[in-house]
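What follows is one structure encoded as structure tokens, with my remarks underneath.
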Amino acid sequence: MADRVNKAREVVGKPLTLSEKILYSHLWDGDASKGFTRGKDYVDFAPDRIACQDATAQMALLQFMQAGKKNVAVPTTVHCDHLIQAKMGATIDLATANKSSHEVFDFLESVSNKYGIGFWKPGAGIIHQVVLENYAFPGGMMIGTDSHTVNAGGLGMVAIGVGGADAVDVMAGMAWELKFPKLIGVKLTGKLSGWTAPKDVILKVAGILTVKGGTGAIVEYFGEGARSMSCTGKGTICNMGAEVGATTSTFGYDDSMERYLKATNRADVAEAANEIREHLTGDDEVYANPGKYFDEVIEIDLSELKPHLNGPFTPDLATPISEMAKKAKENDWPIKVDWGLIGSCTNSSYEDLTRAASIAKQAVDKKLIAKSDLGINPGSETIRFTAERDGLLQIFEDLDATIFTNACGPCIGQWDRSDRKGDERNTIVHSFNRNFSKRADGNPNTHAFVGSPEMVAAIAISGRLDFDPTRDKLLNEDGVEVMLDEPTGIELPPKGFDVKDPGYLAPSEDGNAIDIKVAGDSERLQLLEPFEPWDGKNLTGVKLLIKAFGKCTTDHISMAGPWLRFRGHLDNISNNMLIGAINAFNKKTNLVKNQITGEYDAVPAVQRAYKAAGIPTIVVGDHNYGEGSSREHAAMEPRFLGVRVVLVKSFARIHETNLKKQGMLGITFTNEKDYDLILEDDTFNFVDLESFAPDKSLSIEIVHADGSKDLIKANHTYNESQIEWFKQGSALNLIKMHSVV
Ligand code: MIC
Ligand code: SF4
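Mind the numbering: the sequence shown is residues 2 to 742 in my numbering, read in order.
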């Protein structure tokens, strides 16, 4: 690494940020031979490892199985965490999931076994905590089929969320391509204290950058404030960096990382890192004069930072706790809080549990009864086992909390809410990262707010959204007014981590003989058929399927929750395509006009009718289309059902790549205002797609129902090889062409 970093500094000709050091030392071509232009050049990288979770691994591995390879080319792991519903508590819920999803778990286990992939069983933990505990390392580069792969930035990695098809490239031994990111520097001064937690740093950053402000950029944190935070606290910040659209976030190697590596049985990694310490952080000149080296710089004084709650419905709506009472009233947000949920990959570390437990313990000691229900998802079996040993779980149980499985649970709508609300307006607070409409419980009127675990605990105890623990008193069982003291936490377990069965299965040395079976009549799994190549002609007679209004995240395009069960079955999951998107013409979800019949029907039904009639279609959308998840189903479903084009004001990074990989045409309005020209009965004719080329805009004729026409321009970011994916019908078709089976 030292050699590569020195070489990169030489060719770039200036001091380097940490992000650049990691990027330049992971070039597919080896040593850097030239500097790249940020935000412009596509570059081939060689990531060190890959992680996949159960809900995305199914599609990733179904694609990999088509690639004709014997083994994965780089270390890869699969983690079963998304398919476990939270209902009664860990023991019962895990047994239920093992029964209801056994077909999928068995499939993932046998594919992993066959191709040399490490397999983490259901209950072992949430992918990103398990990766941080076992695999992440300073200076490394990894990709993962989940947008929160970025969590590993807490241990000084460049870790990036991708769609399954990207992971397949790397599993198949090919380079991984990324547009060289821009760099945002965040200088942290001061020190956190009192009620303010690492979570508040990212809640604040989200408020500043908004959900699209980090698009195409790596956020690099530095300064004394960064060094003063724990490694898992840094993980929290990097994790939720996905919510500003950032490619990833990272921190330079420091003592907190060394402590964490040692506590998680990796003293050897810490020692190796210590030897090249200066290469695992940005150069001094960079941090001394960040304005010169970063594209944008943000400065946050941790000593001044206040605790926040972000929400509802979007993770960037940041409100300091002290202003929540006023803002909630103004916006008519329900004040009563029904649930407090602690956990998710973002905030389920040992330290997080200790800080939340320090609040829970006070409630018990001060004779307070929690007014809201409280649910906890520990991040991994190691954390759970250790927390149980150290009495932390008992504290939560004393407060009547439910300990759910070490899994995603309510964070991804895997939640059978005991106080089910129908579509009743209600409020929940959680320490997760995403709070899009319907995400946790399917109810569009659940107002979900994001805060630190300790703040969630305090609010759940008070039962009120407008509770400010720094100021407000609570009435206890004896009718006495009490206050909650500031939280205290323990960074790492003083007696060390411990675990009986971490839940890991190593793959066979030689998996050649292992036969993967997928039942023909399975409703959960379906082998993939290749998509058709492009016929080389202009697309014409393209009908508008839906013009999506406002926020259209991957949750709107391919909902999770109950639909997670079909993640391995493309035909079945396609029945959720765009059912959450708002139709701009009637402001309703899942009700669009079928231009063949003139009738209104559900989006998937209308699209299936177009498909049956052989009519190509287009989806139109607003800004940051495809925000959120890495799930490539959001690109594969439209592809499978015959949508040819997605035309929007702007894309979220992972979704745009997913569309390209699956052979779709993902393009943006050259003139944003042209979005307004599009009417419900429109037909689109591409004028010059036949000469599709990099850096050349496309012209589209829009024919309205009254016969009038508009000619608009659309931009695209396809390079030569990405145009080839479009031509061949998908990136996978191209791999298959070059693969020797
Ligand atoms: C999420 O947090 O939205 C998910 C569920 O983890 C997704 C992955 C998926 O949809 O399977 C993500 O973040 O990429
Ligand atoms: Fe799981 Fe939630 Fe993390 Fe996504 S954000 S990986 S659903 S815990």
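Using N, Cα and C, we set each Cβ at its ideal position, and we do this for glycine too. In this text the structure is predicted, and so the values were computed from the model without any measurement.
Item to complete: Sort Y116, G629, K205, K538 by Cα distance to I515 and report the nearest one.
Response: Counting from 1 along the sequence shown, the entry for residue 515 is found at position 514. It is Y116.
Worksheet item: By the 10 Å Cβ neighbour count, where 16 or more other Cβ atoms means buried, how is P445 classified, buried or exposed?
Response: Residue numbering aside, residue 445 sits at position 444 when the sequence shown is read from its first letter. Per the 10 Å Cβ criterion, exposed.
Practice prompt. Just the C-alpha distance for V646 and V620, rounded to the nearest angstrom, thanks.
Written response: Here the question's residue 646 lines up with position 645 in the sequence shown. Here the question's residue 620 lines up with position 619 in the sequence shown. Computed Cα separation, rounded: 6 Å.
Worksheet item: Three or more C-beta pairs closer than 8 Å, one from the segment 90-98 and one from the segment 403-412: is that the case here?
Response: yes
Worksheet entry | Where the beta strand (DSSP E) through F46 begins and ends | If you number the sequence shown from 1, residue 46 lands on position 45. F46 -> beta strand (DSSP E) spans 43-46.
Fill in: As assigned by DSSP and simplified to three states, the class of L281
Taking the sequence shown and counting its residues from 1, one reaches residue 281 at position 280. Of the three classes helix, strand and coil, the one that applies to L281 here is helix, per DSSP.
Worksheet item: Hey, quick one: how far does the beta strand (DSSP E) through F450 stretch, first residue to last?
Response: Your numbering for residue 450 matches position 449 in the sequence shown. Residues 447-451.
Discussion item. Closer than 6 Å to a non-hydrogen atom of the ligand MIC - does that hold for the CB of I597?
Written reply: Translated into the one-based positions of the sequence shown, residue 597 becomes position 596. I597 Cβ: outside cutoff for every heavy atom of the ligand MIC.
Worksheet item: Is it buried or exposed for H103, if we count other Cβ within 10 angstroms and need 16 for buried?
Response: Reading the sequence shown from its first residue, position 102 is the one you call residue 103. H103 comes out exposed.
Worksheet item: Which residue from W340, F397, Q723, K122 puts its Cα closest to that of H448?
Response: Locating residue 448 in the sequence shown gives position 447, where the first residue counts as 1. Cα-wise, what sits closest to H448 is W340.
Discussion item. Rounded to whole angstroms, what is the Cα-Cα separation between E657 and V169?
Written reply: Stepping through the sequence shown from its first residue, residue 657 is reached at position 656. Stepping through the sequence shown from its first residue, residue 169 is reached at position 168. Distance between the alpha carbons of E657 and V169: 17 Å.
Practice prompt. Report, in whole angstroms, the separation of the C-beta atoms of C239 and T248, which I expect to be a contact under 8 Å.
Written response: Your numbering for residue 239 matches position 238 in the sequence shown. Your numbering for residue 248 matches position 247 in the sequence shown. Not a contact, Cβ separation roughly 11 Å.
Worksheet item: Based on the DSSP output, what are the partners of R386 in its beta bridges?
Response: Locating residue 386 in the sequence shown gives position 385, counting from the first residue. Residue identity differs from the one stated: residue 386 is Phe in this sequence, not Arg. Looking at the DSSP assignment, F386 forms no beta bridge with any residue, so it has no partner.
Worksheet item: Alpha carbon to alpha carbon, what distance is there between A58 and V741?
Response: Working through the sequence shown from its first residue, we reach residue 741 at position 740. Working through the sequence shown from its first residue, we reach residue 58 at position 57. At V741 the pLDDT is 49, less than 50, meaning the model places this residue with poor confidence and gives no usable figure here.
Item to complete: Using 10 angstroms around the beta-carbon of A98, count the other beta-carbons present and answer buried if the total reaches 16, otherwise exposed.
Response: Against the sequence shown, residue 98 aligns to sequence position 97. Burial call: buried.
Worksheet item: Would you say the segment 532-540 touches the segment 387-404, given that touching needs at least three Cβ pairs under 8 Å?
Response: no
Worksheet item: Starting from H431 and walking both ways along the beta strand (DSSP E), at which residues does that stretch end?
Response: Numbered from its first residue, the sequence shown carries residue 431 at position 430. Per DSSP, H431 belongs to the beta strand (DSSP E) from 427-431.
Discussion item. Quick check on this structure: which residue in I597, N591, L528, Y626 has the alpha carbon closest to the alpha carbon of Q64?
Written reply: Along the sequence shown, one-based indexing puts residue 64 at 63. Ranking I597, N591, L528, Y626 by Cα distance to Q64 puts L528 first.
Worksheet entry | Three-state secondary structure (DSSP) of M60 | Translated into positions along the sequence shown, residue 60 becomes position 59. Helix, per DSSP.
Practice prompt. Could you tell me if V12 is buried or exposed, where buried requires 16 or more neighbouring beta carbons within 10 angstroms of its beta carbon?
Written response: Sequence index remark: in the sequence shown, residue 12 carries index 11 (1-based). Exposed.
Discussion item. Using CA atoms only, rank isn't needed, just tell me which of Q363, G542, A582 is closest to I558.
Written reply: By one-based count along the sequence shown, residue 558 stands at place 557. The shortest C-alpha separation from I558 is found at A582.
Worksheet entry | Cβ shell of K122 (< 7 Å), same chain only, five flanking positions each side left out | Translated into the one-based positions of the sequence shown, residue 122 becomes position 121. Closer than 7 Å at the Cβ level, and outside the excluded window around K122, lie C81, G504, L506.
Worksheet item: Excluding sequence positions up to five away, which residues of its chain have a Cβ less than 6 Å from the Cβ of I724?
Response: Within the sequence shown, the letter at position 723 stands for residue 724. The answer, listed in chain order, is F693.
Fill in: N-terminal and C-terminal residue of the alpha helix (DSSP H) that E530 is part of
For the purposes of this step, residue 530 is taken as residue 529 along the sequence shown, with counting starting at 1. Taken as a continuous stretch (DSSP letters only), E530 belongs to no alpha helix (DSSP H), as it is neither H nor E.
Practice prompt. Check whether the Cβ atoms of Q608 and K544 lie closer than 7 Å to each other.
Written response: Here residue 608 corresponds to residue number 607 of the sequence shown, with the count starting at 1. Here residue 544 corresponds to residue number 543 of the sequence shown, with the count starting at 1. No, the Cβ-Cβ distance between Q608 and K544 is not below 7 Å.
Discussion item. Let me check one thing: in DSSP terms, what residues is F693 bridge-paired to?
Written reply: Working through the sequence shown from its first residue, we reach residue 693 at position 692. According to DSSP, which records beta bridges pairwise, F693 is partnered with nothing at all.
Worksheet entry | For T282 and E134, believed in contact at Cβ under 8 Å, the rounded distance | Locating residue 134 in the sequence shown gives position 133, where the first residue counts as 1. Locating residue 282 in the sequence shown gives position 281, where the first residue counts as 1. Rounded, the Cβ-Cβ distance is 22 Å, inconsistent with contact.
Worksheet item: Less than 6 Å between the CB of C412 and some heavy atom of the ligand SF4, yes or no?
Response: Sequence index remark: in the sequence shown, residue 412 carries index 411 (1-based). C412 Cβ: within cutoff of the ligand SF4.
Worksheet item: Just checking my contact of D296 with I185 at CB under 8 Å: how many whole Å lie between their CB atoms?
Response: Taking the first residue of the sequence shown as 1, we reach residue 296 at position 295. Taking the first residue of the sequence shown as 1, we reach residue 185 at position 184. Rounded, the Cβ-Cβ distance is 6 Å, consistent with contact.
Discussion item. Do P182 and T237 have their beta-carbon atoms positioned less than 7 Å apart in this structure?
Written reply: Within the sequence shown, residue 237 is the residue found at index 236, counting from 1. Within the sequence shown, residue 182 is the residue found at index 181, counting from 1. No.
Item to complete: Report yes or no: do three or more beta-carbon pairs, one from the segment 413-430 and one from the segment 124-140, lie closer than 8 Å?
Response: no
Fill in: Whole-Å CB distance - P313 paired with F450, under 8 Å assumed
Position 312 of the sequence shown, counted from the first residue, corresponds to residue 313. Position 449 of the sequence shown, counted from the first residue, corresponds to residue 450. Their Cβ separation, rounded to whole angstroms, is 6 Å, which keeps P313 and F450 in contact under 8 Å.
Worksheet item: Can you list, in chain order, the residues of its chain whose CB lies under 8 Å from that of D572, leaving out five sequence neighbours each side?
Response: Locating residue 572 in the sequence shown gives position 571, where the first residue counts as 1. Counting only Cβ-Cβ distances below 8 Å, and skipping sequence neighbours, we find Q527, F641.
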